[in-house]
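Colleague: Below you will find the structure I want to go over with you.
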Amino acid sequence: MERSDSEKSPRPRGPAPEITEAFRALSSELFGRVVDSGPRTITELSEGLSASRPTVRRALDGLESHSLIRAAGLRASDAGRPAVQYERGPGTPGLVGIDVRPLSTHIICTSTTGRVHGRQDLPHEHVDDDIRLEQVFRSVEALMDEVANDCGTGGPLAVVLGVPGIVDPSGTVRLSRIIPSWTGLPLRDIVSARFPTAQVRVENDMNLRALAAMHDGSAQGLHDFVYLTDNGHLRPAVVLGGHLRRGAHLTLGEDNSFTHVGLVPSTLRHDGLEVEFRRIALGLEDGTLDAGWLAVLQDALVDILLAMRYMLDPQAFIIDGPPATTGPAELESLRERLAERTTIGDAPLILTDQRGQDATLHGALTLALRDVLTTTLQVDDPPIPQILDPRAPLA
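Residue numbers (the UniProt record's numbering): 1 to 395.
Listed below in structure tokens is the structure:
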């Protein structure tokens, strides 16, 4: 008869096993499998990772201690005894993504396993830029207070801000045309002083969107692609070799050179009407512009795509835009126009990512998760959980 755990002979005590690099890598992979594939038993994990059950058990104990996984009930097994399943745990709250937009700022707090714990939406239409930053700080503090009441956690573990502008490696905003008074602002230092417990990053917002597309969007599996919008200011973000490319002067993701140098006019004409390039897609979406404008917009986009193809030869272009310009039929039309004007080799793929500006928050949280899990799991490239309920509307 099988004895209960309390009746079994105690395990001999001795020095704790050494945590080797191989064990850390196994723990990281185990975490990724549980998060990506759902509940798993020790037997399934042991067989899938070609590791002994005691080693898997030890790795599970370590992950449980950080709330990264948890026991999720029993499952019937061939051995006749139910087996414990393990699933994604609640994690530790305190990862904050901040998306600073021209007229508003959006904030989301998640745990180390990607569970959303709170969100804030701050309008800034008639607020001075210096007051805007203080409002953001106070909202983060209020959000963390709410999380602390629910989960008993302290200050933020990581804060990642997405801002419209050129950001240098120190986290200083080198140039921001949209928030001019932030030009020269040592934003990372300011945020770090306010939240000393947090790892802090500041990144260009378009670059964060590209990271989001690569993590859990339409660019999954791609190593070379360009992410751009078909509305607003043209600020393409570039990923080469699986890594974000900021450029020697940090302008990728920010510089609107296509209209500045005249490759694409800042305004386009159709049927006697002249409209700013950046407003055409949204005009098609809200019906203020007729369907004939789609061809005008796509011809201008193809000029841009061909120029970037010549310089970068990416696998794909990820076009972020409203359904009126990035629906299946509209994307196929754009593919045909690009193929017609591609003279050498195959045209790059054209894909879409319709999360819009919410993708900036996704990219910010992806970076925050990577930073914290790198420290927690002690590996260079940890598995990054998907953000739960990523498309829920902001409160």
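Each residue gets a CB set at the ideal place from its N, CA and C atoms; glycine is no exception.
Of all the options V200, D353, E29 and L365, which has the alpha carbon lying nearest to the alpha carbon of L228?
Modeller: The shortest C-alpha separation from L228 is found at D353.
Colleague: For a minimum of 4 consecutive residues, which ranges assigned as the alpha helix (DSSP H) are wholly contained in the stretch 244 to 300?
Modeller: For the stretch 244 to 300, whole alpha helix (DSSP H) runs of length 4 or above, ordered along the chain, are 257 to 260 and 277 to 286.
Colleague: Would the stretch 344 to 352 and the stretch 315 to 332 be scored as touching if the rule is three or more Cβ pairs under 8 Å?
Modeller: With a cut-off of 8 Å, the stretch 315 to 332 and the stretch 344 to 352 count as touching, because enough Cβ pairs lie within range.
Colleague: Can you list, in chain order, the residues of its chain whose CB lies under 6 Å from that of T112, leaving out five sequence neighbours each side?
Modeller: Once the five neighbours on either side are set aside, the close Cβ partners of T112 are G91, T92 and V372.
Colleague: Are A158 and Q220 touching if we call contact CB-CB under 7 Å?
Modeller: Result no, Cβ atoms of A158 and Q220 do not sit closer than 7 Å.
Colleague: Apply the 10 Å Cβ neighbour rule to L388 and answer buried if 16 or more other Cβ atoms are within range, or exposed otherwise.
Modeller: L388 is exposed by the Cβ-count criterion.
Colleague: Considering only residues of the same chain and omitting the five flanking positions on each side of R341, which have a CB-CB separation below 8 Å?
Modeller: Excluding residues within five positions, the ones whose Cβ falls inside 8 Å are V302 and L306.
Colleague: Mapping DSSP to helix, strand and coil, what is V136?
Modeller: The answer is helix: DSSP assigns V136 an H, G or I state.
Colleague: Within this structure, are the beta carbons of L284 and A324 separated by less than 7 Å?
Modeller: For L284 and A324, yes; Cβs fall inside 7 Å.
Colleague: Which whole-angstrom value describes the C-beta separation of V96 and V163, a residue pair presumed to lie in contact below a C-beta threshold of 8 Å?
Modeller: 14 Å between Cβ atoms; not a contact.
Colleague: What residues are listed by DSSP as bridge partners for T112?
Modeller: Bridge partners of T112: none, in fact.
Colleague: Could you tell me whether the stretch 33 to 42 touches the stretch 54 to 73, using the rule of 3 or more Cβ pairs below 8 Å?
Modeller: They touch, by the three-pair rule.
Colleague: Between which residues of its own chain and P348 is the CB-CB distance below 7 Å, once the five residues before and five after are set aside?
Modeller: Contacts found: R309, P314, Q315, A316 and F317.
Colleague: Just grab the DSSP bridge partners of I319 for me.
Modeller: Beta-bridge pairing links I319 to L228 and T352.
Colleague: Within the continuous alpha helix (DSSP H) that includes I179, where are the two ends?
Modeller: Careful: I179 lies outside any alpha helix (DSSP H) and carries neither H nor E.
Colleague: Hey, S192 and T183 are a contact pair by Cβ (cut 8 Å); roughly how many whole angstroms apart?
Modeller: Contact doesn't hold; Cβ gap of about 20 Å is too wide.
Colleague: With a threshold of 16 other CB atoms inside 10 Å of the CB of S218, please say whether the residue is buried or exposed.
Modeller: Label assigned to S218: buried.
Colleague: Residue range of the beta strand (DSSP E) that E87 falls in?
Modeller: Note, E87: beta strand (DSSP E), A83 to R88.
Colleague: So, is L369 buried or exposed, given that buried needs 16 or more other C-beta atoms within 10 angstroms?
Modeller: L369 is buried by the Cβ-count criterion.
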